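What follows is a set of notes on a single structure, which appears directly below.
So this is what it looks like as structure tokens:
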């Protein structure tokens, strides 16, 4: 019996779903029955590819469930506000769901999605692709084993320039509220969400859980004319482990996200696109942990497809993903956003990137001292 899959949302990040669902069709692992997009004419090349792989193209999600097909999986690479209603609709139609990160813009929405899932024998997998990497799971296993002793502290920093195109790509970019519900869009919630989620997951001693975050302080600012912040230094307790997260889109050069987990008997070091390293107290690399840091989306899509027939397949559940949303809500409720004066940044003419004066040098110094 073939696995029947549908896709809602072809544009934007939907390209990753298009590519992987079509790959899975070519590997004869799924049947791609239908794809929905409200403006398919904007994504003609993707639409052509989907049709070539057997998908019927629809313009309304409601039409999907009138086809008389029992879908095994519905993929939802859609805007944050649509995560809750479209997930619940798919679950009520008897479908498993793969929904993009963050799972929602509020804990209330997450709770509603969990309640809907609990009424079925279906699952909801959240698209934090780093969670599904073998390296992430091996490091989690190693930390839980106690081989490095207790985790003492964690620090995470990333700097990714984002200009006008990024903030103009949709109506909710940089906003706290969308048209109908909270979205809490910021570097912590969107571009760097994978790393925040990974910090919470790895810091928890429970193999299948993530740490409950408790906000300590939030130094937030914005250089752009947006509702939410574009730069933040957040201190929190991940469970009982002190952690510092430093993320910004207001910088001239890319500083790949990197994380250092300091333990009693060694360290775990991660750098995006580079390495995962676990070292002992003497700095020696422990055999088997020199994995590449770049995320391969194939692991995520393969895991979700495998989960349909194998309940033991590990996925990022709504419960795991909810801890990230808890932190986002705490930052929103307790963090005060400072709007920087024009004298505090420059604007790069070719792409509109705001570059906060002296930020890179100051942050490097702060990060080193943590």
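Residue numbers (the working numbering): 13 to 382.
The beta carbon of each residue, even a glycine, is placed where N, CA and C say it ideally should be.
The structure presented is a predicted model; accordingly, all values stated were derived computationally and were not measured.
Between the options, which lies nearest to residue i when the distance is taken from Cα to Cα?
| i | options | result |
| --- | --- | --- |
| residue 228 | 349, 249, 146 and 286 | 249 |
| residue 388 | 32, 55, 369 and 218 | The structure shown does not extend to residue 388, since the chain spans only 13 to 382, so no value can be given for it. |
| residue 231 | 237, 225, 222 and 256 | 256 |
| residue 238 | 271, 189, 276 and 258 | 189 |
| residue 157 | 83, 65, 216 and 48 | 216 |
| residue 53 | 22, 36 and 203 | 22 |
| residue 143 | 240, 191, 327 and 283 | 327 |
| residue 6 | 26, 42 and 38 | Limits of the chain in this structure are 13 at one end and 382 at the other, which puts residue 6 out of reach. |
| residue 301 | 253, 104, 57 and 150 | 150 |
| residue 56 | 338, 263, 118 and 24 | 24 |
| residue 117 | 101, 303, 92 and 58 | 92 |
| residue 353 | 234, 378 and 105 | 234 |
| residue 104 | 81, 119 and 134 | 134 |
| residue 41 | 59, 65 and 58 | 65 |
Can you give me the Cβ contacts of residue i inside the same chain, cut-off strictly under 6 Å, excluding the 5 residues immediately before and after it?
| i | result |
| --- | --- |
| residue 340 | 196 and 201 |
| residue 131 | none |
| residue 170 | 204, 259 and 269 |
| residue 281 | 272 and 289 |
| residue 277 | 160, 161 and 293 |
| residue 165 | 254 and 274 |
Residue i lies in the alpha helix (DSSP H); which residues open and close that run?
| i | result |
| --- | --- |
| residue 314 | 309-321 |
| residue 374 | 371-381 |
| residue 274 | From DSSP, residue 274 is part of no alpha helix (DSSP H) but of the beta strand (DSSP E) over 267-275. |
| residue 337 | 330-346 |
| residue 208 | 205-214 |
| residue 25 | Taken as a continuous stretch (DSSP letters only), residue 25 belongs to no alpha helix (DSSP H), as it is neither H nor E. |
| residue 243 | Careful: residue 243 lies outside any alpha helix (DSSP H), inside the beta strand (DSSP E) at 243-250. |
Terminal residues of the continuous beta strand (DSSP E) containing residue i?
| i | result |
| --- | --- |
| residue 288 | 287-292 |
| residue 225 | 225-234 |
| residue 18 | 16-20 |
| residue 69 | 68-70 |
| residue 187 | Here residue 187 belongs to no beta strand (DSSP E), and DSSP marks it neither H nor E. |
| residue 259 | 253-260 |
| residue 368 | 366-368 |
| residue 61 | Run containing residue 61: none in the beta strand (DSSP E); it sits in the alpha helix (DSSP H), 56-64. |
| residue 41 | Residue 41 -> no beta strand (DSSP E), and no H or E assigned at all. |
Please work out which residues of its chain come closer than 7 Å, Cβ to Cβ, to residue i, disregarding the five sequence neighbours upstream and downstream, and give them in chain order.
| i | result |
| --- | --- |
| residue 46 | 18, 67, 68, 70, 76 and 79 |
| residue 98 | 20, 73, 88 and 90 |
| residue 309 | 28, 32 and 141 |
| residue 285 | 268, 305 and 306 |
| residue 222 | 212, 213, 216, 332 and 335 |
| residue 111 | 88, 95, 99, 136, 138 and 139 |
| residue 283 | 268, 270 and 305 |
| residue 325 | 315, 318 and 319 |
| residue 298 | 290, 291 and 292 |
| residue 251 | 215, 216, 223 and 224 |
| residue 226 | 248 and 249 |
| residue 279 | 272, 273 and 291 |
| residue 59 | 22, 52 and 69 |
Sorted by chain position, which residues of the same chain lie with C-beta nearer than 8 Å to residue i's C-beta, five sequence neighbours on each side aside?
| i | result |
| --- | --- |
| residue 359 | 365, 366 and 367 |
| residue 61 | 30 and 34 |
| residue 330 | 115, 122, 125, 126, 129, 136 and 138 |
| residue 266 | 171, 172 and 173 |
Within 10 angstroms of the Cβ of residue i, are there 16 or more other Cβ atoms? Answer buried if so, exposed if not.
| i | result |
| --- | --- |
| residue 321 | exposed |
| residue 114 | buried |
| residue 148 | buried |
| residue 199 | buried |
| residue 180 | exposed |
| residue 192 | exposed |
| residue 209 | buried |
| residue 84 | buried |
| residue 374 | exposed |
Against chain E, with Cβ distances strictly below 8 Å, would residue i count as a contact?
| i | result |
| --- | --- |
| residue 110 | No chain E is present in this structure, which holds just one protein chain. |
Q. Is the region 285-293 touching the region 175-195 in the sense that three or more CB pairs, one from each, lie closer than 8 Å?
A. no
**Q.** Cβ contact check for the region 240-247 and the region 339-353: 3 or more pairs under 8 Å
**A.** yes
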